[in-house]
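Reading through the C-alpha cells given below for one structure.
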Amino acid sequence: MDPELADICQFLGEHAPFDQCDATELEQIARQLSIRYLRHGSPFPPETDRPALYLLRTGAAEFRDAANRLLDRLQEGEIYADDCLGSALGEEAQGRFVEDSLVYVLPCEHLASLREELPELDAYFRASTGKRLRRAFERLYATDMPSSDLTRLDVRDLLRPMNYAIAADTSIREAARRMMEGKTSGLLVVKDDRLEGLVTDHDLRRHCVIEQVSPEEPVRTIMTTDLYSVAPEMSAFEALLEMTRRNIRHLPVVAAGQPAGLVTAVDFVRQQATSAVYLVGDIQRAESDEAVARICTALPEVQIRLVGSGAKGSDVQQVVTSIADAATRRLIDLAETALGPAPVPYAWVSVGSQSRREMTISSDQDNMLLLDDAFDAARHGPWFEALAARVNQGLAACGFRLCPGEVMARNPHWRQPLSHWLRYFRHWIEAPERKAMMYASNFFDLRLIHGETTLLDRLQAPIRQQAQDNHIFHAHLAANALSRRAPLGIFSGFVLTTHEEQADTLDLKQDGLIPIVDIARLYALVNGIGAMNTLERLRAAGELGVMNRETAQDLVEAYEFIASLRLRHQAAAARRGDAPDNYLDPRDLTSPERSHLKQAFRVVRTVQGALNQRYQGGRFA
158 MDPELADICQ FLGEHAPFDQ CDATELEQIA RQLSIRYLRH GSPFPPETDR
208 PALYLLRTGA AEFRDAANRL LDRLQEGEIY ADDCLGSALG EEAQGRFVED
258 SLVYVLPCEH LASLREELPE LDAYFRASTG KRLRRAFERL YATDMPSSDL
308 TRLDVRDLLR PMNYAIAADT SIREAARRMM EGKTSGLLVV KDDRLEGLVT
358 DHDLRRHCVI EQVSPEEPVR TIMTTDLYSV APEMSAFEAL LEMTRRNIRH
408 LPVVAAGQPA GLVTAVDFVR QQATSAVYLV GDIQRAESDE AVARICTALP
458 EVQIRLVGSG AKGSDVQQVV TSIADAATRR LIDLAETALG PAPVPYAWVS
508 VGSQSRREMT ISSDQDNMLL LDDAFDAARH GPWFEALAAR VNQGLAACGF
558 RLCPGEVMAR NPHWRQPLSH WLRYFRHWIE APERKAMMYA SNFFDLRLIH
608 GETTLLDRLQ APIRQQAQDN HIFHAHLAAN ALSRRAPLGI FSGFVLTTHE
658 EQADTLDLKQ DGLIPIVDIA RLYALVNGIG AMNTLERLRA AGELGVMNRE
708 TAQDLVEAYE FIASLRLRHQ AAAARRGDAP DNYLDPRDLT SPERSHLKQA
758 FRVVRTVQGA LNQRYQGGRF A
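As numbered in our numbering, residues 158 to 778 make up the sequence shown, in order.
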C-alpha cells in the first residue's frame, strides 16, 4: 500500500466512526477522500464545496451564532457531517477555521454508498448520541473484561439449582444436614411451587446455639419470611447492588411467581466480584467508630476494582453510596448506645449526592437532622448536638470529607424541628433568590438514612406539592439549571477551570455532571416525579412524556460517560496514592475519549438551549 494511503488509513482507524472498520474497509474509505488545505479565517464548510463529510486531520474550526457566542468547536480527529445528515446547527450558525487546517473530504453521495455497504458505519450515523456514547463506553472500557465478569452476567448465570429447597415441616437438624452436604449457607423453603421462606446458617446459629431452639423443631419456627427476591434476568451486578444496599447475603430467585433457585454472596466472590457486600456486613458488626473508619479504608480499593471490571459509572456510585449509608447507620447506632435513647423522635436525612445515590471516593458529606416538633432546645438540644458532632466526625474519619459549606447536621441551622424545615422550604419556594436556589439544589434531594420515616414523609409531601404548583419557582429552577454551561470552548475544545490549584483542567463534576443533575431535578420537581436518583428522574421524565424519550436517554448516556471518566480518573489517583478529585487534564484523554466527551457535553448544551428558549418564552410549567 502507498505510504500516504497507509497513513490515512491509520488515522481513520483511530477516530470515530471509522475506528469500527477493518483494514480493507479503511482502505476503501481512504481511496474516496480528497484532501483540502484551508487557511485560518476561511468559511467552514468551504462555500465552494458540494455537501460533504469533513474530517479534520490538523487544525480547528468553530461555529458561532449572530451574537458571536460559541456554539461548537471541531478539532483534530473530529468529523462534521451535518450537511449529509440533515442536522445542521441552524441558519444563524457561522463556521470558520480558527487555525490553518488540513481536512479530509468525503462527498455525501460517497458516504451514502459506504453506509449501504458497511452496516457498522450506517449504524453509527443512525444511532442517537446516547447510543453512540453507550457503544463508546463498551468499546473503550468494557471489551477486555473476562466473560465471567459480573457486568456481563445475569442472575441465572450464578443460580444454585432447586435441590437447595426444603419443606417448612423439615426438621432443623435435617436442614443443617442438607446445608452441610450441599456446601451451601442457605435453603429455600417451598410449598406447592411457592416460596414460603429462607433458612440460613445464620438462622441455625442464632436460634439453635444462642436461643437453644430444639433441632427437632420444624424450620418454619426459625425461617425468614420477609424476603427480597430477584428475577433470573436481572443483571448480576444489579443483584450485587441490592445485596450491598440491603446488607443481605442470600437472594431467592423467582421466575413467573415460582422459585427458581438461590444466589449467595459466595457466588459473587467466585466470580471475582467486589467485596462490597462483605464490607457492609463488617461495618454493621463494628463495635466502635474507629472500627468503622478502619473498615472504610478499603473503600478506594472497591472503586478501583469496580472501575477495572468495566462497571457503569452509576453502578459504582450506587455501591459507594451503599457503603456510606451503612457507615452512617452504624455510627448513629454507636452514638445512641453511648448517649442513651433519643429524647424525641428524629430522622437523620442525607442531602445531595448521598440522597441521589451518586457518591464517589472523593465525595464530601451532606446531611441534616429533622426533629419532631416536641423538640425543646434547652432540654433536648445537647443530645442532638452531640449526636451530630460524633456522626459527622465519624464519617470524615471514614473518608467522607466534612462539607466545606457546612451543610451537615452539626450545623444548628440544619438541625431543626419539622415546623422550622417547612418554613425553610416555603421561603425557598416563594422567594427564590440566588441563595435560596443554592439551598434548593441541595435540599430538594433528601433520603432517610435512620429514624422516623413519617417525619420525612410529613416534610416531603407538602414541599413537593408547593414546588410543583409554583411557576415562578420553576423559572428560577430553570435559570439555575442553565447557570453551569457545558464546557465546550477554547483549549482542546473544552472550557477549562481557572482555579489556581487546578488550572487548565476540566471539572467533571461541576461542569459535567451537575448540569445534568440540575436538569433532572427540574423535571422531577415540576412534574411531581418522586425519584431522587438523577438517571431514575430522567427515565421517569421520558416515560411520562414530559421529556422526549430519546433526549432523556441521551442525557442518561451522557451522564454515564462523564461519570465513568470521573471514576476512572479518581481510581487512577487512588492507585498512585494521590487524593482523588474531579479535575481532569484533557491532555490525559485519548482521542476517542476526548471526542466522545465532547459529544456528551453537546447533548447537555442542546438540552440547555431548549430549556433556555422555553424559559425565555415564559412557557415553563
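Where is the CB? At the ideal position from N, CA and C, for every residue including glycine. Note that the structure is predicted; figures quoted are calculated from it, not measured.
| Asked | Found |
| --- | --- |
| I think R558 touches Q522, with their Cβ atoms under 8 Å apart; what is that distance to the nearest whole Å? | 7 Å |
| The beta strand (DSSP E) spanning V262 covers which residue range? | S258 to P264 |
| Excluding the 5 residues preceding and the 5 following S649 in the sequence, name in chain order all residues of the same chain whose CB lies nearer than 6 Å to its CB. | Here the model assigns S649 a pLDDT of 45, short of 50, so the residue's position is not dependable and the matter cannot be decided. |
| Quick check on S519: buried or exposed, where buried means 16 or more other Cβ atoms within 10 Å of its Cβ? | buried |
| Is DSSP giving T300 helix, strand or coil here? | Here T300 scores only 47 on pLDDT, less than 50, and its place in the model is too uncertain to base an answer on. |
| So, does the stretch 725 to 735 touch the stretch 693 to 710, judging by three or more C-beta pairs under 8 Å? | no |
| Going straight from the alpha carbon of L724 to that of V260, what length do you get? | 35 Å |
| Rounded to whole angstroms, how far is the Cβ of V420 from the Cβ of A388, which I believe are closer than 8 Å? | The Cβ separation is near 11 Å, so there is no contact. |
| Within 10 Å of its beta-carbon, does S466 have 16 or more other beta-carbons around it, so buried, or fewer, so exposed? | buried |
| Beta-carbon separation of H753 and L228 under 8 Å? | no |
| Using DSSP bridges, identify the partner residues of Q573. | L527 |
| Smallest Cα separation from E458: which of G243, L398, G734 and Q765? | G734 |
| When burial is assigned at 16 or more other CB atoms within 10 Å of the CB, is R487 buried or exposed? | buried |
| Measuring only the C-alpha atoms, how far is A180 from Q189? | 15 Å |
| Looking only at C-alpha atoms, which of L169, M158 and V255 sits nearest to S199? | V255 |
| I'd like to know whether the C-beta atoms of G418 and L316 end up nearer to each other than 8 Å. | yes |
| Any chance the CB of R725 is under 7 Å from a heavy atom of the ligand NAD? | The ligand NAD is not part of this structure, which contains no ligands at all. |
| Strictly by DSSP, which residues pair up with F850? | Past the edges of the chain, shown from 158 to 778, lies residue 850, and the structure says nothing about it. |
| Is it buried or exposed, G669, if we count other Cβ atoms within 10 angstroms and call 16 or more buried? | buried |
| Exposed or buried, what is E204 when buried is set at 16 or more other beta-carbons lying within 10 Å of its beta-carbon? | exposed |
| DSSP beta-bridge partners for Q407? | A quick correction: the sequence has His, not Gln, at residue 407. Note: H407 sits in a beta bridge opposite T421. |
| On the criterion of 16 or more Cβ atoms from any shown chain inside 10 Å, does P672 qualify as buried, or is it exposed? | buried |
| Given that a residue counts as buried once 16 or more other Cβ atoms are within 10 Å of its Cβ, and exposed if not, what is H584? | exposed |
| Just to confirm, is the Cβ distance from L210 to A238 under 8 Å? | yes |
| How many Å lie between S598 and Y716 at the Cα? | 18 Å |
| Taking the DSSP output, what are the residues bridged to V347? | L352 |
| Among Y194, E266, P416 and R330, whose alpha-carbon lies nearest the alpha-carbon of D257? | Y194 |
| For the stretch 470 to 485 against the stretch 400 to 407, are there 3 or more C-beta pairs whose distance is under 8 Å? | yes |
| Using three-state DSSP, classify Q617 as helix, strand or coil. | helix |
| Which residues in the same chain as P500 place their Cβ atom closer than 6 Å to its Cβ, once the five residues preceding and following it in sequence are excluded? | H537 and W540 |
| May I ask which residues mark the beginning and end of the beta strand (DSSP E) holding H607? | L603 to G608 |
| Just to confirm, are R135 and A635 a CB contact at a threshold of 8 Å? | Only positions 158 to 778 of the chain appear in the structure, and residue 135 is not among them; the question remains open. |
| Mapping the DSSP letters down to three states, classify R784 as helix, strand or coil. | This structure gives no information on residue 784, because the portion of the chain shown stretches from 158 to 778. |
| Check for me: the alpha helix (DSSP H) holding S191 runs from which residue to which? | Premise fails: S191 lies in the beta strand (DSSP E), S191 to L195, not in any alpha helix (DSSP H). |
| Using 8 Å as the Cβ pair cut-off and three pairs as the minimum, do the stretch 358 to 369 and the stretch 319 to 338 touch? | yes |
| Look at the alpha carbon of A430 and the alpha carbon of Q475, and state the distance between them as a whole number of angstroms. | Note that A430 scores 46 on pLDDT, short of 50, meaning its location in the model is unreliable and no value can be drawn from it. |
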